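Residue numbers (this note's numbering): 673 to 970. A virtual CB, placed ideally from N, CA and C, is assigned to each residue, including glycine. This structure is a prediction, so every number in the text was calculated from the model and none was measured. Here is the structure we will look at, set down as structure tokens.
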């Protein structure tokens, strides 16, 4: 196991050539948000855009569309009818499958609602995706009841669960996971090839399995001020953005977790651990990326 340091992430970040344009810096398709959870869609989208993706398509229920569109100006919105509960639903799958054809990465789950509709949409995406899929929050909750979906994946998947979500996903008790989270993450990654796992806690473990075992990283940056609803949505957006730009899943997860943590530390230094918000983490991202760009030129 290796501890992630700032210098380690420089080579993991996507290259941004001087002649880049929006079409060459990745296309992220995001399926997030529902009535009552519009903030998850907004936070993940803003974090993704702040992390450099060239184009972003946001699939959003019509009930949430006005809130999202008035908060995020740089994303292309794709409103879908949704269910009476204000969630993306199976009736929207044809539109979703058409949109993900454009993507170089897909983000699904943040604030979607823990419903069977989410499970059906997730299943359709996993069966049809030809690019990496980043699954967070309610996407992970849906996957927990349909873990067999990971047995047939033909593309890369990145999972970003917190401890309780991982407990449901893995079938391990919370106590067992907490007793040795590094082992739990490593074992899960080894058992599910093609999956990169970011197991979130006060220390986050990033694991990816192969025939030779699991590659494992530990992130020790970050602080307790990040222990607020919405921080995970920010992380999911960062990782999805880096993946869409061409970073390998393990690189995107490791770099994304560390950048998120460093931005959290910067936000705490300015706002305090008590008063900082997940949106402050997004606002701190430019400082971290500027530092990384300067370091890469040395």
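Check	Outcome
Three CB pairs or more closer than 8 Å across the segment 881-895 and the segment 832-848	no
Sheet register partners of residue 1031 (DSSP bridge)	As shown, the chain starts at 673 and ends at 970. That puts residue 1031 outside it, with no answer to give.
Enclosing beta strand (DSSP E) for residue 729 [first to last residue]	727-733
For residue 780: DSSP bridge partner residues	703, 807
CB of residue 781 within 8 Å of CB of residue 705, strictly	no
Extent of the continuous beta strand (DSSP E) run through residue 750	748-752
Contacts around residue 817, its chain only, beta-carbon distance under 7 Å, and the 5 residues preceding and following it disregarded	791
Simplified DSSP assignment, three categories, for residue 829	strand
Beta-carbon proximity list for residue 674, same chain, < 6 Å, skipping 5 on both sides	889
Three CB pairs or more closer than 8 Å across the segment 950-965 and the segment 927-938	yes
C-beta contact flag for residue 686 and residue 871 at 8 Å	no
Of the residues 861, 912, 944, 811, the one placed nearest residue 897, counting alpha carbons only	944
Start and end residues, beta strand (DSSP E) containing residue 847	Careful: residue 847 lies outside any beta strand (DSSP E), inside the alpha helix (DSSP H) at 846-851.
For residue 961, the first and last residue of its enclosing alpha helix (DSSP H)	950-968
Distance between residue 770 and residue 868 (C-alpha atoms, nearest Å)	26 Å
Length of the line joining the Cα atoms of residue 900 and residue 949	7 Å
At least three beta-carbon pairs within less than 8 Å, the segment 931-938 to the segment 739-749	no
DSSP state of residue 878 mapped onto helix, strand, coil	strand
Cβ contact check for the segment 786-803 and the segment 750-767: 3 or more pairs under 8 Å	yes
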